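Working notes, beginning with the structure itself.
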Amino acid sequence: MKLFKTHISKLSDIELIKAYQKENAQKFTAELFSRYAHLVFGVSLKYLKSEPEAKDLTQNVYTVIQKKLKTHEVTNFSSWLHQLTKNECLMELRRNKRIELVPLTENNLEEEDSHIDEKILLETKIETLLKELENLKPAQKECMKLFYLKKMSYREITSSTPYSEKEVKSYIQNGKRNLKNQLIHHAEFRTEERATRSA
Amino acid sequence: MQNSELKNELLGAHKEVSAKELKDYLDGNLSNSKARAVEAKLNSSDFSSDAADGIKTYGTVASAAAISHKYASSTLNTPLLLTFSSVSLGILGVWAFMHFSNEEGISSENNFAETTQEQTTLTPTAEDKKASYVEEELNEKQEKAGKTLQIINIPETPEANKIGAQESDPILFSIETEHEIFTLNPLEKKKGKLFQISEKATLKTQSARIRHYRNYKLVDQGIGIDESLLHPIIEGTPAFKETIVINPKYPGWVPADSIYRVSINEGIDWIISKDYAKAKMRFKRLLENTPKDLSSSFYLGYTYYLEGKHEQALTYLQMAEIHVIQTFDHDARFLEIKCYLNLGRDEDALKEALYLKNADSFYAEKAMELVE
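Here the protein sequences line up with chains A and B, keeping their order.
Under the working numbering, think of the first position of the first sequence as 143, with each following residue one higher.
Under the working numbering, think of the first position of the second sequence as 40, with each following residue one higher.
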């Protein structure tokens, strides 16, 4: 029994899902959920702004995943769980009339379609990446370089620049997003260029 | 150099931060290098980043740690296992491990883990009930959506569902059913339906896009609110304003969930800039298509109030008060008090003020000051 427990904790998310689908045993989902429960709780807090409600919602999400994972094919569990949690939060807010939105059914649980962007990034040369980094706005570029290249923490960046910790975080997040977009744009342009040449 | 790490970090989309890391980070117990490592994870994952924001802003680190512990199904004594593995005891080692681990007392943590799991796992009955409840609710919603909606045309161009830049342009809603996504135009002057569908889009053509926008951070500063949407426009009340982040790659598009909010927010912006005519036009048009839309009722009433047209204001504020009690009830009643006082209807004002006082409303004190 103890050996089995050792084994289960070493299984990957996907392996746990497969095992659950095969054996229908709660221990697999319990292990799986325990890896992310704190994140589900945190996201719920962000939306619901109340600890008791966030705890209830975390429990609900646990119940829902046990049902959904029986049949649902999930290739990236954390991404899927994030989306599921957000949906549950929105449903909860709608139920309590704390948000007015267009009615929405719950089939939007597909994982984020980000693998295409990632593929493009993987194929990007470092030189291109650094070149595009230079094209960012000065504050974003400075914070990105200090964080990613100099490996400085937010606290360290804050003490060596005029920016507050909040600004540093924001510059890095926005810089990262802009950099990705520039790289994707760059890759798309190259693809089109190649297609034109071959035509 | 470390340049390839930049690429790796940009790609590290699915490295979630662990409960312990998050706790230590938020408690400020980490060295700069360790804090930086956690920050890299937070930067690479929206899930972790959202969770950290939520815990930092609205919760406590201790609660998050307790939640994580609650669901822990296995408290493996990793160092012990690694020791056995590293000395390659093979079959003998495995046998020894099983033998010792079956003995009571070798790891009190393991026993505790089992107890914890038993305590925290839902009983099958409760679990089934919850699952069944969720399913029933979803079925009901889908059925309701199916009855409410009616397809009236199917234009081909995807450009049609861009959000309108001008007031005269259509502003479109989206709705998803199990198999399809519809884009709706609530501003079309067609009556009899809650929403009129002006465009049908297949999953293939639009689902990915709409999903992509939804996955973008729809709102920077939280969606649920305890206080009402009135607050950003009443001085001195808790600030709340949604910020909608639009993907720069598709600047004409907004997340499906946010389109309705965009149309309301534009109206609010017109109120703030004192362009009351435009604001009224916006909320009236929304009301024509969604007569029970309390946000539009409320803000239309508020616009009339600001114009000094108290009778008209009361009409719409009372609608907002009636439709959904929890959201606009107190805000609407507070404005009604002001309208009644302006109209010389002191008794009505007092009645509403007492209601707010008894309800221990955010506005109670201010309301009583007004009537006294």
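Glycine included, C-beta positions come from ideal geometry on N, C-alpha and C.
Quick caveat, the model's predicted, so the values are computed rather than measured.
Of all the CB atoms in chain B, is at least one closer than 8 Å to the CB of residue i?
i, result
"residue 162 (chain A)", "no"
"residue 180 (chain A)", "yes"
"residue 200 (chain A)", "yes"
"residue 156 (chain A)", "no"
"residue 314 (chain A)", "yes"
"residue 302 (chain A)", "no"
"residue 214 (chain A)", "no"
"residue 281 (chain A)", "no"
"residue 172 (chain A)", "yes"
"residue 167 (chain A)", "no"
"residue 278 (chain A)", "no"
"residue 188 (chain A)", "yes"
"residue 191 (chain A)", "yes"
"residue 318 (chain A)", "yes"
"residue 305 (chain A)", "no"
Smallest Cα separation from residue i: which of the options?
i, options, result
"residue 343 (chain B)", "B:375, B:106, B:327 and B:325", "B:375"
"residue 282 (chain A)", "A:314, A:291, A:274 and A:301", "A:314"
"residue 408 (chain B)", "B:98, B:96 and B:377", "B:377"
"residue 323 (chain A)", "A:195, A:270, A:190 and A:166", "A:270"
"residue 312 (chain B)", "B:334, B:346 and B:325", "B:346"
"residue 406 (chain B)", "B:392, B:321, B:317 and B:303", "B:392"
"residue 399 (chain B)", "B:411, B:387 and B:370", "B:370"
"residue 234 (chain A)", "A:198, A:214, A:168 and A:217", "A:198"
"residue 213 (chain A)", "A:200, A:169 and A:163", "A:163"
"residue 325 (chain A)", "A:309, A:276 and A:308", "A:276"
"residue 303 (chain A)", "A:319, A:320, A:321 and A:280", "A:280"
Since I believe residue j is in contact with residue i (beta carbons under 8 Å), could you give me their beta-carbon distance rounded to a whole number of angstroms?
i, j, result
"residue 311 (chain A)", "residue 296 (chain A)", "6 Å"
"residue 57 (chain B)", "residue 176 (chain A)", "That belief does not hold up - the Cβ atoms of residue 57 (chain B) and residue 176 (chain A) are roughly 11 Å apart, past 8 Å."
"residue 94 (chain B)", "residue 187 (chain A)", "6 Å"
"residue 151 (chain A)", "residue 173 (chain A)", "6 Å"
"residue 97 (chain B)", "residue 191 (chain A)", "5 Å"
"residue 180 (chain A)", "residue 61 (chain B)", "6 Å"
"residue 334 (chain B)", "residue 358 (chain B)", "No, residue 334 (chain B) and residue 358 (chain B) are not in contact; Cβ-Cβ is about 11 Å, not under 8 Å."
"residue 317 (chain A)", "residue 103 (chain B)", "Not a contact, Cβ separation roughly 28 Å."
"residue 294 (chain A)", "residue 75 (chain B)", "7 Å"
Can you confirm whether residue i, when its beta carbon is compared against all beta carbons of chain A, has any partner nearer than 8 Å?
i, result
"residue 74 (chain B)", "yes"
"residue 94 (chain B)", "yes"
"residue 98 (chain B)", "yes"
"residue 91 (chain B)", "yes"
"residue 318 (chain B)", "no"
"residue 337 (chain B)", "no"
"residue 408 (chain B)", "no"
"residue 235 (chain B)", "For residue 235 (chain B), the pLDDT reaches just 30, beneath the cut-off of 50, and the residue's location in the model is therefore unreliable, although a value from the coordinates is still provided. No, its Cβ sits nowhere closer than 8 Å to a Cβ of chain A."
"residue 78 (chain B)", "yes"
"residue 373 (chain B)", "no"
"residue 85 (chain B)", "yes"
"residue 106 (chain B)", "yes"
"residue 397 (chain B)", "no"
"residue 55 (chain B)", "yes"
"residue 312 (chain B)", "no"
"residue 341 (chain B)", "no"
Cβ of residue i versus every heavy atom of the ligand FAD: is any distance shorter than 7 Å?
i, result
"residue 301 (chain A)", "The ligand FAD is not among the ligands present in this structure, which contains no ligands whatsoever."
I'd like the list of long-range same chain contacts for residue i, defined as Cβ closer than 7 Å, with 5 residues on each side in sequence excluded.
i, result
"residue 349 (chain B)", "378, 381 and 382"
"residue 351 (chain B)", "343"
"residue 81 (chain B)", "56, 87, 88 and 91"
"residue 73 (chain B)", "none"
"residue 300 (chain A)", "306, 307 and 310"
Note down, in chain order, each residue of its chain lying with its Cβ closer than 6 Å to the Cβ of residue i, except the 5 sequence neighbours on either side.
i, result
"residue 203 (chain A)", "182, 227 and 230"
"residue 410 (chain B)", "388, 389 and 392"
"residue 273 (chain A)", "none"
"residue 208 (chain A)", "171"
"residue 356 (chain B)", "340, 371, 374 and 375"
"residue 307 (chain B)", "none"
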